[in-house]
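*Asks:* If you read the protein sequences in the order shown, they are chains A, B and C.
Using the working numbering, the first residue of the first sequence is number 31, and each one after it goes up by one.
Using the working numbering, the first residue of the second sequence is number 12, and each one after it goes up by one.
Using the working numbering, the first residue of the third sequence is number 308, and each one after it goes up by one.
Can you read through this structure? Questions will come right after.
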Amino acid sequence: MHVTLIHYLILSAIMFGIGVVGFITRKNMVIVLMCIELMLNAANINFIAFAKYRGLYEGMSNQLSGQVMSLFVITIAAAEAAVGLAIIIVLFRSRKTINVDDVDLLKH
Amino acid sequence: MDHPYLPILILMFFAFIFTVVTIIMSDLARPSKPNAEKNSTYECGAPIFTDARGMVSVKYYIIAMLFLLFDVEAAFLYPWAINYDKETLGLFGFVEIVIFIAILLVGYFYAWRKEAFEWES
Amino acid sequence: MVGTKMIETLHTFTSGDFTGLMPEIILCAFVLLISIYDFMSKNKDKEIVSYLTQIGLLATLISVLSLIGDTAAGDKAYVAYNGMFVLDNFAIFLKAVVLMVAVMTVAISHKYNKEAGYESGEYYTLIMFAVLGMMIMVSGGDLISIFVGLELMAIPCYFLTGVFKKDSRSIEAALKYFLMGAFSSAVLAYGISFVYGVIGSTNLEAIASFFDLAVIAKAKAGVGMAVTPEIMSAASAELATRLSNPIFYLVLVLFAAGFGFKIAAAPFHMWCPDVYEGAPTPITGFMSTAVKAASFAIFLRVYATGLFALHVNWAFTLGILSALTMTVGNFLAVTQKSVKRMLAYSSIAHAGYIMMGLVSIGIVTFDGVTLSINRIDDGMASVLFYLVTYAFMNLGPFIIIMMLRTKRNSGEMMADFHGLGKRAPILAALMLLFMFGLTGLPPTGGFIAKYYLFYAAVKANFTWLTIVACVNTAVSAFYYFRLGMVMYMYEPKIDEEINASPKAVHAVLYICVLVTLWIGIFPDKFFEAAKHSLMRLKYLL
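Have a look at this one:
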């Protein structure tokens, strides 16, 4: 059995699914942040796998735009992680909690 | 038998066997004289003073954030460095990357000025 | 070896690439210089930074407007960086709107922030970064640049929401906005990855030509060969297979969720009321106008160019989302006690109305044999027309809320508006005018804009959606006019004097009023601008 495109897609779908489920169910904000990273990296795996296999299909070693996109997604993921950590720190300083459920001042 | 991942499987198998065998061997070979000092958690020889699941200082998060941001900068420098040569990118490509680094330097000086690098504050 | 091969496929840059990018370069230079000035200066008062920011944004606006002639003169839109950056009239129109809103937001912010005790230079630089993101986004000709621009817009907005960092409501709003925004970005990225996987490119033009019968036929015929009827029928069969690829259903779902979060369409609207309520009021105004306009612009560009061939698949679904969005927004707005929160729900409802224009960009006709989709220019023009009208008539109420803030009262609650007709007759009259506009009544621009949307929807055979929208307008009249009743029929609850606001705030408020009335009474110029901005829309005509 060789690793083909479909295996990468299944891997990324599983990662994306774990990310979505974690995002919805987990209470700890840092873990929620990690779930978002997982989802972005699932997209990254897709991009790289598609770049490789589309490149083979078109007779090249690699196709560029998928690789470029994954670089941008990595950057954006880093920026989002930094923003998320900053917001979590500020929230912890004002509320002494990082539990998502405790953050409910703005409700009607 | 020429599966491309077969060597990895063999490696994993031997790694597992080696670990299990050495643990069992050393357990059988060593003398067993336990005392309270020996049964405590090993932490580089220093005595334990807190629970490992305690809170981590916020300062570490700020360092982590800065590390993350400037680390990703390298992700953009790699493709540039690999593709750089005089004919294609030339002076223009060099100026471009200098501008890129200059923009990031503004962020670096901002962090410096805001005392993000000060451990004691 | 691999390296040199990659370089060959890259477009080599020329200095000509910079002419169309000048506004972005100018703005970027201003952001960097202003932030250096800000963190080097010892001055705690940020008034100078605020003025510098306004100068920077105005300079950018001038350079955007100076580009109008350039693209209109040529046959083609200006394209740079391998089609990543597109400068057409559509982009110029939206950049102008976004920059105007940003200048007004900066002009009204300084005193508000100072009184709240959160003066910071970052506030201004972050607004400029968000504007830079919007400008890149509305010029995006490739899903990569659109995605990067979207993030460059969104990330400063998370911070701007939480800029009052000791106010727990502001932080909470920032957290919610961040979590939802990051989630939607991840969903969008995952969707883009499948588009790339199936089509092999993220360029909107490449995506459009993937579904173009003529392009497929030409590729089948080979270089320089005539397209015979056999090749043509083979090409139609190929196109049918491409269109029915189930991956595109997944893509459409992921895109609808990703963009739906950004524009706060139901059922992805939950974050919106909390964020709008918790954010500083000028930022709420900015987010509900500029951010919304830019997000809709990109929604429109992607769906009207790259994904237009799939219109049959997405139009009805988005139509249902549109009906749901306006209904949820209007019905929940009725019960609100906070005016700011009510306006947040009203903004959700308006997103629903604008989506009505989005689904009306094409009409599907079936002559018994073939299914064909035709473009309706009015659909797109009505979205742009509504976005510019809405930008001015929705910023106004937030400015009034801001002006009503006193030492003890936030100015955000219904109670602050009790008897406003007696406390501040002019502000009450202007608020009523904006409520007229938001309901969609003459003589304001809201009437013309809404009428135009309805007209486009009927033209596109979305009569049922128009009826839903009419019912919703009636519901919305209820809560907009309840505010009017509260202002004129009730006795004042608050005996505090209303603070005098700086001249700049008054000036911005009157600009909003004038533009709202101007669009309502002399809409011709704005119609022309909206229609003109569709001319030479890249990858469309």
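Note that the Cβ used here is the ideal one computed from N, Cα and C, for glycine as well.
As the structure is a computational prediction, the values presented were derived from the model and not from experiment.
1) How would you list, in chain order, the residues of chain C whose beta-carbon sits under 7 Å from the beta-carbon of Val117(B)?
2) Since Leu678(C) sits in a beta bridge, which residues does DSSP pair it with?
3) Mapping DSSP to helix, strand and coil, what is Val386(C)?
4) Given Ala604(C), which residues of its chain have a CB within under 6 Å of its CB, disregarding the five upstream and five downstream residues?
5) Is Tyr556(C) close to chain A? Criterion is C-beta to C-beta, closer than 7 Å.
6) Starting from the beta carbon of Ile119(A), find every residue of chain B whose beta carbon is closer than 8 Å, and list them in chain order.
7) Which residues does DSSP pair with Val413(C) in a beta bridge?
8) So Val113(A) and Tyr465(C) are supposed to be a Cβ contact under 8 Å. How far apart are they, rounded?
9) Select from Ile44(A), Ala79(A), Ala116(A) and Ile104(A) the residue whose C-alpha is nearest the C-alpha of Met76(B).
10) Terminal residues of the continuous beta strand (DSSP E) containing Phe575(C)?
11) For Ala379(C), name the three-state secondary structure that DSSP assigns.
12) Measure the beta-carbon distance from Leu364(C) to Ala398(C) and round it to whole angstroms, keeping in mind my assumption that it falls under 8 Å.
13) Which ranges does the alpha helix (DSSP H) cover as unbroken runs of at least 4 residues, wholly within the segment 45 to 96 of chain A, from first to last along the chain?
14) Could you check what DSSP says for Met66(B) in three-state terms: helix, strand or coil?
15) Can you give me the start and stop residues for the beta strand (DSSP E) that Leu272(C) sits inside?
16) Going by C-alpha distance, which of Val69(B), Asp62(B), Met23(B) and Leu17(B) is nearest Ile118(A)?
17) Is DSSP giving Phe791(C) helix, strand or coil here?
18) Measuring only the C-alpha atoms, how far is Gly440(C) from Ser540(C)?
19) Hey, could you find the ends of the alpha helix (DSSP H) Phe490(C) is sitting in?
20) So the beta strand (DSSP E) Val371(C) belongs to, where does it begin and stop?
21) Span of the alpha helix (DSSP H) holding Val31(B)?
22) Taking Gly626(C) as the reference, give the member of Ile343(C), Ala776(C) and Ser491(C) with the closest Cα.
23) State the beta-bridge partners of Leu854(C) as determined by DSSP.
24) Under the DSSP definition of a beta bridge, which residues are partnered with Gly447(C)?
25) DSSP on Ser595(C), reduced to helix/strand/coil?
26) One question on the structure: do Ile106(A) and Glu458(C) come within less than 7 Å of each other, judged by their Cβ atoms?
27) Does the contact criterion of 3 or more C-beta pairs under 8 Å hold for the segment 650 to 667 of chain C versus the segment 747 to 765 of chain C?
28) To the nearest angstrom, how far is it from the Cα of Gly47(A) to the Cα of Met69(A)?
29) Excluding the five sequence neighbours on either side, which residues of its own chain have a C-beta within less than 6 Å of the C-beta of Asn74(A), listed in chain order?
30) Please tell me whether Tyr95(B) has its Cβ less than 7 Å away from any Cβ of chain C.
31) Below 8 Å on C-beta distance, what does Thr105(A) contact in chain B?
32) Quick check on Leu121(A): does DSSP put it in helix, strand or coil?
33) Taking just the CA atoms, how far does Lys421(C) sit from Tyr358(C)?
34) With three or more C-beta pairs closer than 8 Å as the rule, is the segment 465 to 484 of chain C touching the segment 523 to 538 of chain C?
35) Going along chain C, which residues have a C-beta under 8 Å from Asn129(A)?
*Replies:* Per the coordinate set shown:
1) Here residue 117(B) refers to the residue found at position 106 when the second sequence is read from its first residue. At a C-beta separation below 7 Å, Val117(B) has these neighbours in chain C: Leu339, Ser342 and Ile343.
2) As a first step, residue 678(C) is located in the third sequence; it is residue number 371 there, counting from the start. Phe673(C), per the DSSP bridge assignment.
3) Here residue 386(C) refers to the residue found at position 79 when the third sequence is read from its first residue. Looking at Val386(C) - three-state DSSP - the assignment turns out to be strand.
4) Numbered from its first residue, the third sequence carries residue 604(C) at position 297. By the criterion of a C-beta distance shorter than 6 Å, Ala604(C) is surrounded in its chain by Leu401 and Val445, once the five residues flanking it on both sides are discounted.
5) The count along the third sequence starts at 1 and reaches residue 556(C) at position 249. No Cβ of chain A is located within less than 7 Å of the beta carbon of Tyr556(C).
6) Position 89 of the first sequence, counting from 1, holds the residue named residue 119(A). Residues of chain B passing the Cβ test: Val69, Tyr72 and Ile73.
7) Position 106 of the third sequence, counted from the first residue, corresponds to residue 413(C). In the DSSP output, where bridge partners are listed per residue, Val413(C) has none listed.
8) Here the question's residue 113(A) lines up with position 83 in the first sequence. Here the question's residue 465(C) lines up with position 158 in the third sequence. Sure, about 5 Å apart at Cβ, within 8 Å.
9) For the purposes of this step, residue 76(B) is taken as residue 65 along the second sequence, with counting starting at 1. Checking every option, the nearest Cα to that of Met76(B) belongs to Ala116(A).
10) For the purposes of this step, residue 575(C) is taken as residue 268 along the third sequence, with counting starting at 1. Per DSSP, Phe575(C) is not a residue of any beta strand (DSSP E), being assigned neither H nor E.
11) Mapped onto the third sequence, residue 379(C) falls at position 72. Confidence at Ala379(C) is low in this model, with a pLDDT of 47, below 50, so its placement is unreliable and no value can be given for it.
12) For the purposes of this step, residue 364(C) is identified with residue 57 of the third sequence, where counting begins at 1. For the purposes of this step, residue 398(C) is identified with residue 91 of the third sequence, where counting begins at 1. The Cβ separation is near 17 Å, so there is no contact.
13) Correct list: 59 to 87.
14) Taking the second sequence and counting its residues from 1, the one referred to as residue 66(B) is at position 55. Correct three-state label for Met66(B): coil.
15) Only positions 308 to 848 of chain C appear in the structure, and residue 272(C) is not among them; the question remains open.
16) Taking the first sequence and counting its residues from 1, one reaches residue 118(A) at position 88. Of the candidates Val69(B), Asp62(B), Met23(B) and Leu17(B), the one whose C-alpha sits nearest the C-alpha of Ile118(A) is Val69(B).
17) Working through the third sequence from its first residue, we reach residue 791(C) at position 484. Note on identity: in this sequence residue 791(C) is Gly, with Phe being the wrong assignment. Of the three classes helix, strand and coil, the one that applies to Gly791(C) here is helix, per DSSP.
18) Within the third sequence, residue 440(C) is the residue found at index 133, counting from 1. Within the third sequence, residue 540(C) is the residue found at index 233, counting from 1. Cα to Cα, Gly440(C) sits roughly 44 Å from Ser540(C).
19) Within the third sequence, residue 490(C) is the residue found at index 183, counting from 1. According to the DSSP assignment, Phe490(C) belongs to the alpha helix (DSSP H) that extends over Ser475 to Ile506.
20) Here residue 371(C) refers to the residue found at position 64 of the third sequence. Bounds of any beta strand (DSSP E) do not take in Val371(C); it lies within the alpha helix (DSSP H) bounded by Glu354 to Leu372.
21) Your numbering for residue 31(B) matches position 20 in the second sequence. Run containing Val31(B): Leu17 to Ala40, per the alpha helix (DSSP H) assignment.
22) Residue 626(C) sits at position 319 when you count from the first residue of the third sequence. Looking at Ile343(C), Ala776(C) and Ser491(C), the one whose alpha-carbon comes closest to that of Gly626(C) is Ala776(C).
23) The question about residue 854(C) has no answer, for chain C in this structure spans 308 to 848.
24) Here residue 447(C) corresponds to residue number 140 of the third sequence, with the count starting at 1. Secondary-structure assignment with DSSP links Gly447(C) through a beta bridge to Phe392(C).
25) Here residue 595(C) is taken as the residue at index 288 of the third sequence, counted from 1. If DSSP states are grouped into helix, strand and coil, Ser595(C) belongs with the helices.
26) As a position in the first sequence, residue 106(A) is number 76, starting the count at 1. As a position in the third sequence, residue 458(C) is number 151, starting the count at 1. It is a contact, given that the beta carbons lie within the stated cut-off.
27) Touching, per the Cβ criterion.
28) The residue you call residue 47(A) lines up with position 17 of the first sequence. The residue you call residue 69(A) lines up with position 39 of the first sequence. If you draw a straight line from the Cα of Gly47(A) to the Cα of Met69(A), it comes to about 8 Å.
29) For the purposes of this step, residue 74(A) is taken as the residue at position 44 of the first sequence. Cβ neighbours of Asn74(A) beyond the five flanking positions: Ser100 and Val103.
30) In the second sequence, the residue the question calls residue 95(B) occupies position 84. It does not; no Cβ of chain C falls within 7 Å.
31) Locating residue 105(A) in the first sequence gives position 75, where the first residue counts as 1. Under the 8 Å cutoff, chain B gives Val83, Ala86 and Phe87.
32) Translated into positions along the first sequence, residue 121(A) becomes position 91. Reduced to three states, the DSSP call for Leu121(A) is helix.
33) Mapped onto the third sequence, residue 358(C) falls at position 51. Mapped onto the third sequence, residue 421(C) falls at position 114. The alpha-carbon atoms of Tyr358(C) and Lys421(C) are separated by roughly 15 Å.
34) Contact between the segment 523 to 538 of chain C and the segment 465 to 484 of chain C is absent: fewer than three C-beta pairs spanning the two stretches fall below 8 Å.
35) As a first step, residue 129(A) must be located in the first sequence, where it is residue number 99. Chain C residues near Asn129(A): none, gap ~11 Å exceeds 8 Å.
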